[in-house]
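Chemist:
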Amino acid sequence: MSWNDGMRHQEVRSSMPDVTMTAQQFKIVFQVTKEFGSIPEERLAAAGIPPHCSVDVLELARDIRKSVAVGPVDVHIVSPDFPDGRTLRVSGPAGAEDGTEALREFPAATARYWRPLIGLAVESLGAEELRFRTGYSGDEVDSASALLDGLFAT
Numbered sequence: 001m002s003w004n005d006g007m008r009h010q011e012v013r014s015s016m017p018d019v020t021m022t023a024q025q026f027k028i029v030f031q032v033t034k035e036f037g038s039i040p041e042e043r044l045a046a047a048g049i050p051p052h053c054s055v056d057v058l059e060l061a062r063d064i065r066k067s068v069a070v071g072p073v074d075v076h077i078v079s080p081d082f083p084d085g086r087t088l089r090v091s092g093p094a095g096a097e098d099g100t101e102a103l104r105e106f107p108a109a110t111a112r113y114w115r116p117l118i119g120l121a122v123e124s125l126g127a128e129e130l131r132f133r134t135g136y137s138g139d140e141v142d143s144a145s146a147l148l149d150g151l152f153a154t
């Protein structure tokens, strides 16, 4: 890749907006993320998702959830291809007296499976079980989790 190609790539990269999710939207996404264990392994394999990704994404979500109580969260999705990463900001009520933000970094190779895993969990549970386990409808989940698509748009 030439220097000019790298600059063009960087310009496109920096022009893409980060994604901001409200605490309520994250709450919906988190509730479904907790249900990743209900996805049969054969469905993960058919979707080309490595089995460890569901556990890794759940750990990321738990980490964010803990941080939301502290204040705004800035999660950097990092990748060797994009050293500056993408950022997911989760905005919650500021709870930290010093006004600091909790910062986390997470590899893009795993994070890019978050949205597809949510789709598989919704399908695996079905509408009635989804509402029972999470308290949310498929439309509410889709609306909140659609924000994750922006992290990996090309």
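The numbering of the sequence shown is the numbering used here, which starts it at 1 and goes up by one.
Virtual Cβ for every residue (Gly too), placed ideally from N, Cα, C.
1. Are the segment 71-80 and the segment 44-54 touching by the rule of at least three beta carbon pairs closer than 8 Å?
2. Pop quiz: D149 and R115 are said to be a contact at Cβ under 8 Å. What is the actual Cβ separation, rounded to whole angstroms?
3. Could you pull out every residue in the same chain whose Cβ sits closer than 7 Å to the Cβ of A121, ignoring the five residues on either side in sequence?
4. Let me know the beta strand (DSSP E) ranges lying completely inside the segment 36-87, each 3 residues or longer, listed in chain order.
5. Taking only runs that begin and end inside the segment 100-134, name each unbroken beta strand (DSSP E) of 3 or more residues, in chain order.
6. What's the gap between the Cα of L147 and the Cα of K66?
7. Give the secondary structure of S137 by DSSP, where H, G and I count as helix, E and B as strand, and everything else as coil.
8. Report buried or exposed for Q25, applying the criterion of at least 16 other Cβ atoms within 10 angstroms of its Cβ.
9. What is the C-beta distance between I77 and F30, in whole angstroms, given that I count them as a contact (C-beta under 8 Å)?
Modeler: This is what the structure holds:
1. no
2. 6 Å
3. V32, E35, F36, S38 and I39
4. 73-78
5. 102-107
6. 20 Å
7. coil
8. buried
9. About 17 Å; that fails the 8 Å criterion.
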